[in-house]
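S.K.: So the mapping is simple: the numbering used here equals the position in the sequence shown, first residue as 1, plus 223.
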Amino acid sequence: MVESKSLKLYLFSFRSHGDFHEDVVNTIMKDLVKLMDPKYIEVTGFFTPRGGISIFPYANYGRPGTKWEQLAEQRFATHE
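1. Kindly give me the distance between the Cβ atoms of A282 and M259, rounded to whole angstroms, as I take these residues to be in contact under 8 angstroms.
2. Three-state secondary structure (DSSP) at S277?
3. Give a yes or no on contact between the region 227-236 and the region 262-278, applying the rule of three or more CB pairs nearer than 8 angstroms.
4. Measure from the C-beta of A300 to each C-beta in chain E and report whether the shortest distance is under 8 angstroms.
5. Would the beta-carbon of E245 fall within 8 angstroms of that of P280?
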């Protein structure tokens, strides 16, 4: 799938990135979908608080036209 060192370096490349946390999570998910072509994937970001506000953006993907697409829609609708 993805080598752990490569994934770590990729994730660390976002440390000084100026995008919103939601955009970073969506970018990571889209890059992983492009790289691995998974049936289903979930990405959650756990960001340290700035100004006392923690944020945990979430994105998921299910391969279109399959049961995985329906699962992604269901999981997204019920995600907390």
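The beta-carbon is built from N, C-alpha and C at its ideal position, and this holds for glycine as well.
Since the structure is predicted, the reported quantities are computational estimates derived from the model, not experimental observations.
M.R.: In terms of the structure at hand:
1. 15 angstroms between Cβ atoms; not a contact.
2. strand
3. no
4. Although the question refers to chain E, the structure presented lacks it and comprises just one protein chain.
5. yes
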